[in-house]
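Asks: Sharing a structure with you now.
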Amino acid sequence: MSNPVKTAIIGFGVAGKFMHAPFVKTRPEQYDVIAVLERHQKESATLFPGAVIARSIEALLAIEDIELVIITTPNETHFPYAKASLLAGKHVVVDKPFTITSAEAQELITLSQQVGKVISVYQNRRYVSDFLTIKRLLHNKLLGDVHEFEAHYDRYRPEAKPNAWREEPAPGSGILYDLGAHLIDQAFYLFGLPQEVTADIRLQRPHARTVDNFELKLGYGFTKVILKSGMLVREPGPRYMIHGTLGSFVKYGEDPQEVYLRAGKLPTEVENWGQEDEQIFGTIHTDLSGHVFNEKYPSIKGDYGYYYENLYKTIREGIPLRERPEHAFNVIKLIELAEESSKEKRTIACTGFIAAAYPRD
């Protein structure tokens with residue numbers, strides 16, 4: 464017997480429409496969207512014809528039946544909307560980045576514990592094909608001990624995107640908070656919390672008003688992690704280059720989910736959702752028990768929807784939360800440390816993190 468979580472979505476722009484709505488829409492036994500906050504439009508009615516369209520956060524949170532609120536609005540609203548939702552007795556999902564400051568993140572963690580409600584950040588890039596594949600590859604020690612891990616999340620946007628709040632000079636804007644939040648979370652998941660960070664953060668394009676290029680070097684002693692992103696990369700190189708004591712793994716190409724979503728496709732409408740084409744499988748070159756392998760390594764099928772499957776089990780069954788707010792706090796803390804490192808042009812010791820285990824399955 465199904466017991467769907469009565470859900471509201473705050474905001475129905477790109478994130479709400481393409482990154483969240485499809486995965487609750489296609490899980491009717493787990494989620495029932497009963498309200499959507501849209502200030503002026505009614506676009507959500509296509510996917511959720513029976514949902515109330517609220518015009519203000521106050522009107523939406525006044526709907527008592529709502530159990531879960533999904534916040535997909537601009538970054539500066541994440542903290543006040545999440546706080547208001549917790550105080551209204553709702554569980555909360557916040558699109559990344561969790562907050563703009565670590566102090567705000569800590570306040571939300573404390574408040575969620577006080578009111579006894581779940582709060583989580585939507586780290587959907589844990590459920591892309593390449594990351595799931597890398598996680599298995601490293602778990603099985605196919606490269607030996609990793610000494611260098613380099614990850615890229617690059618784009619080519621030489622011109623300013625009109626009306627793009629992420630490119631405005633406001634707190635929490637720019638690609639360090641946007642794309643960087645994904646790369647940092649992945650690094651922490653695989654390697655834990657670093658000892659130090661050395662950052663180079665730039666406004667690279669002539670018209671840039673906020674960060675559009677960064678390189679973070681995270682020190683783990685023996686292991687070096689390099690995270691890079693830029694907006695002037697017309698011909699992308701490998702997304703991942705991983706080198707260990709036994710071998711290397713190099714991966715080009717992009718998980719196909721976002722392309723389908725932005726084309727308006729639901730996960731139920733695409734055969735083999737999240738499965739990469741064999742042409743972009745990564746290459747592994749390693750030595751296992753004296754046998755040298757240099758060949759394609761099949762990618763695991765990705766699915767952003769795993770996030771919402773896991774969240775449902777937490778809310779309804781009490782299964783431990785996988786995307787914990789402490790993880791999100793640590794991402795924001797690292798961003799703050801990286802900004803300090805770049806400004807002072809020096810390596811910064813990483814302190815102030817919250818100890819929080821990551822799931823290993």
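Every position in the sequence shown, counted from 1, becomes a number in the numbering used here once 463 is added. Cβ coordinates follow ideal geometry from the N, Cα and C atoms, glycine included. In this text, all values refer to a predicted model and were calculated from it rather than measured experimentally.
(1) What whole-angstrom Cβ distance do T596 and G637 have, given they're in contact under 8 Å?
(2) Taking the alpha carbon of L690 as the point to measure from, which residue in P634, I520 and E611 has its own alpha carbon closest?
(3) Roughly how many angstroms separate the alpha carbons of S519 and L500, rounded to a whole number?
(4) Output yes or no for whether 8 Å exceeds the beta carbon distance between E698 and G682.
(5) Hey, could you find the ends of the beta strand (DSSP E) H615 is sitting in?
(6) Please look up how many angstroms separate the CB atoms of L639 and I795, rounded, as I've assumed it's under 8 Å.
(7) Take K469 and list the residues in its own chain whose beta-carbon comes closer than 6 Å to its own, dropping the five residues that flank it on each side.
(8) In whole angstroms, what is the alpha-carbon distance linking V609 and R823?
(9) Three or more C-beta pairs closer than 8 Å, one from the region 781-788 and one from the region 570-581: is that the case here?
(10) Measuring only the C-alpha atoms, how far is L605 from K546?
(11) Looking at the unbroken alpha helix (DSSP H) that takes in S575, where does it start and where does it end?
(12) Where do the N-terminal and C-terminal ends of the beta strand (DSSP E) with R665 fall, by residue?
(13) Helix, strand or coil for S762, going by three-state DSSP, please let me know.
(14) Does E492 come out as helix, strand or coil in the three-state DSSP assignment?
(15) For I516, which residues does DSSP report across the bridge?
(16) Name the DSSP beta bridge partners of E678, please?
(17) Which one of D675, V584 and P467 has the shortest CA to CA distance from H645?
(18) Which residues in the same chain have their Cβ closer than 8 Å to the Cβ of K505, if we skip the five residues on either side of it in sequence?
(19) By DSSP, does Y775 sit in helix, in strand, or in coil?
(20) For the structure I just gave you, are there three or more beta carbon pairs, one from the region 578-594 and one from the region 754-768, closer than 8 Å?
(21) Count the CB pairs spanning the region 619-626 and the region 718-728 that are closer than 8 Å, and state whether there are at least three.
(22) Classify D675 as buried or exposed, calling it buried when 16 or more other Cβ atoms lie within 10 Å of its own Cβ.
(23) Excluding the 5 residues preceding and the 5 following K687 in the sequence, name in chain order all residues of the same chain whose CB lies nearer than 8 Å to its CB.
(24) I need the boundaries of the beta strand (DSSP E) containing H748, first residue and last residue.
(25) Applying the criterion that 16 or more other CB atoms from any shown protein chain within 10 Å of the CB defines a buried residue, is S804 buried or exposed?
(26) Note down the Cα distance separating I711 from A614, rounded to an integer number of angstroms.
(27) Give the straight-line distance between the Cα atoms of V555 and S548, rounded to the nearest whole angstrom.
(28) For L642, I'd like the list of residues in its chain whose CB is within less than 6 Å of its CB, leaving aside the five on either flank, ordered along the chain.
(29) Whole-angstrom Cβ separation of G635 and P560, contact assumed at under 8 Å?
(30) Going by C-alpha distance, which of H483, E567 and T564 is nearest T535?
(31) Report yes if the CB atom of R668 is closer than 8 Å to the CB atom of M694, and no otherwise.
(32) Since P467 and P485 should fall inside the 8 Å C-beta cutoff, what is the C-beta to C-beta distance between them, to a whole number of angstroms?
(33) Is the beta carbon of L784 sitting closer than 8 Å to the one on K488?
(34) Would you report the Cα separation of T746 and Q493, rounded to the nearest angstrom?
Replies: Short version:
(1) So it is not a contact: roughly 29 Å between Cβ atoms.
(2) That would be E611, whose Cα lies nearest to the Cα of L690.
(3) 7 Å
(4) no
(5) Taken as a continuous stretch (DSSP letters only), the beta strand (DSSP E) holding H615 covers V609 to H615.
(6) Not confirmed; about 11 Å, so no contact.
(7) D495, I497, D528, I529 and E530
(8) 17 Å
(9) Result yes; three or more Cβ-Cβ pairs closer than 8 Å.
(10) When rounded, the distance between both Cα atoms is 44 Å.
(11) S565 to V578
(12) E659 to R665
(13) coil
(14) coil
(15) V499
(16) D663 and K691
(17) V584
(18) Within the same chain, I516 come within 8 Å of K505 by CB-CB distance, once the 5 residues on both sides are set aside.
(19) helix
(20) Contact holds: three or more Cβ-Cβ distances are below 8 Å.
(21) no
(22) With 16 or more neighbouring CB atoms inside 10 Å of its own CB, D675 falls in the buried class.
(23) These residues qualify, in order along the chain: H610, E611, F612, K680 and L681.
(24) G745 to L751
(25) buried
(26) The question names Ile, but residue 711 in the sequence shown is Ser. So the two alpha carbons sit approximately 14 Å from each other.
(27) 7 Å
(28) Y616 and S692
(29) 7 Å
(30) H483
(31) yes
(32) Between P485 and P467 the Cβ distance is about 16 Å, and since that is not below 8 Å, they are no contact.
(33) no
(34) 38 Å
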